[in-house]
Amino acid sequence: MLSFTKEAMDDTIVDQTKLRKRTMKILGIGICFAIILGAFFHTGPHLYLDINSAIFVLGGEIGFLVMKNKPENHLQNFGQGGVYFGWLGTVVGLIAITGTPSFVWGNIEKLGPALAVAMLTVLYGYMVKLVTIGLAQD
């Protein structure tokens, strides 16, 4: 004869709830990245790839993580550093564009791509933040 105790049933419910939350997080991240990838492939992958921007954001994330030095919040700190350095990278890119008049101001064809590269750091930072939100413990 099977006997179920209240504690065993409570543990089963808690395990099912945790599994459901984790599944929903993964599904949510998948939907978000599907939308981003849709834009990525629709407009052309070459517009979204810049190694210097990625290195700037990754370096900033690692530096922010080390600076905060809180092991219990490493994932959240890594994501937050991505957002901060994404915006800092954009500011640096805009300063580089406006600080060199011979590079961009005289040539409209160069202005669009330069602005796009300046904005990539924000995209990279928020994409990392999105992943860290999904992976973080509640």
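Residue numbering for the sequence shown is -16 to 121, as defined by the working numbering.
The C-beta atom is built at its ideal place from N, Cα and C for all residues, glycine as well.
Have a look at residue i and residue j and give me their C-alpha separation to the nearest angstrom.
i: VAL114; j: ILE12; result: 7 Å
i: THR83; j: LEU2; result: 54 Å
i: GLN(-1); j: LYS8; result: 14 Å
i: THR81; j: GLY27; result: 27 Å
i: LEU77; j: ASP33; result: 16 Å
i: LEU20; j: HIS29; result: 13 Å
i: GLY117; j: GLU92; result: 39 Å
i: VAL66; j: VAL(-3); result: 33 Å
i: LEU58; j: HIS25; result: 31 Å
i: GLN127; j: GLY95; result: The structure shown does not extend to residue 127, since the chain is modelled only from -16 to 121, so the question has no answer here.
i: ILE45; j: LEU98; result: 25 Å
i: ARG156; j: THR(-5); result: Any question about residue 156 goes unanswered here, given that the chain covers just -16 to 121.
i: PHE39; j: LYS112; result: 15 Å
i: ALA119; j: MET110; result: 14 Å
i: VAL75; j: TYR31; result: 18 Å
i: PHE68; j: ILE14; result: 25 Å
i: ALA79; j: LEU41; result: 20 Å
Ordered along the chain, which non-local residues of its own chain (more than five positions away) have a Cβ less than 7 Å from that of residue i?
i: MET(-16); result: With a pLDDT of 49 at MET(-16), under the threshold of 50, the predicted position of this residue should be treated as unreliable, and no value is reported.
i: SER36; result: GLY72, VAL100, LEU103, THR104 and TYR107
Can you name, in chain order, every residue of its own chain whose Cβ lies under 8 Å from the Cβ of residue i, other than the five neighbours on each side?
i: ASN60; result: PHE47, LEU48, LYS51 and LYS53
i: TRP70; result: THR104, VAL105 and GLY108
i: LEU10; result: none
With burial defined as no fewer than 16 other Cβ atoms inside 10 Å of the residue's Cβ, what is the status of residue i: buried or exposed?
i: ALA22; result: exposed
i: GLU55; result: exposed
i: ALA17; result: exposed
i: GLY43; result: buried
How far does the alpha helix (DSSP H) with residue i in it reach, from first residue to last?
i: ASN35; result: 34 to 51
i: THR73; result: 57 to 82
i: TYR107; result: 91 to 118
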